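As structure tokens, the structure follows; a few thoughts come after it.
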């Protein structure tokens, strides 16, 4: 009887349940693939920042390449910017966690605050781009300094714009506890902005 029961026709409810289980498995597989793809992308992307930082360190080891201590960029504003960026990242993460709990209004508030702080960080980066002027003796230093700051500022602007789009879509009700991958992905891109800046901050202002 048990053998024959394995071949009995499935009921409509059983078919629907099987379809739901298959859909859930496919959704979980897509999320795993998305996370793996994003991690690989970020891992390769960060190497460009690491290479620029290494170039700066190698050039900086040459005697006389860097300006005198009094002519180097002041670290005060960049330090403030670093703290602002870290707070922005923390708030963005808290916003994503709110989405997973279906607290959409909290997500919108925290996410927008993170965006505003990211904007403040970007404006400080613009001031740092012009913080020092080149002279005959430190032209290469200033050019490389501006490349590092400008390269990171460009990524901040692009990913910040993507954060604004996520917020707009969130206001339209697109995200909830069952659909928040886009928010998670954008958060991880903001992690990237933070990690890349910490690398540059160390080599530009602490070495």
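In my numbering, the protein residues as written are 956 to 1162. All residues carry an ideal CB built from backbone N, CA and C; glycine is no exception. Owing to the predicted nature of the structure, the values given are computational and were not obtained by experimental measurement.
In the structure shown, residue 1131 falls within a strand segment according to DSSP collapsed to helix, strand and coil. Spatial neighbours of residue 1153 in its own chain (CB-CB distance under 8 Å, excluding positions within 5 residues in sequence) are listed in chain order as 1037. Residue 1049: member of the alpha helix (DSSP H) spanning 1031-1055, first to last residue. Rounded to the nearest angstrom, the Cβ distance from residue 1015 to residue 1162 is 7 Å, consistent with a contact under 8 Å. If you check the CB distance, residue 1044 and residue 1106 do not come in under 8 Å. DSSP, read as helix, strand or coil, puts residue 1088 in coil. Assignment of residue 1021 by DSSP, reduced to helix, strand and coil, places it in the coil class. The shortest C-alpha to C-alpha distance from residue 1088 to any of 1026, 1116, 1131, 1103 is the one to 1026.
With 16 or more other Cβ atoms from the protein chains shown falling within 10 Å of its own Cβ, residue 1080 counts as buried. Residue state for residue 987 is assigned as helix, using DSSP reduced to three classes. In the DSSP assignment, residue 1099 falls within the unbroken alpha helix (DSSP H) covering 1094-1126. Residue 1086 holds the alpha-carbon nearest to the alpha-carbon of residue 1031 among 1086, 1067, 1143.
The C-alpha of residue 1138 lies about 9 Å from the C-alpha of residue 1125. The stretch 1058-1077 makes contact with the stretch 1113-1127, as at least three CB pairs between them are under 8 Å.
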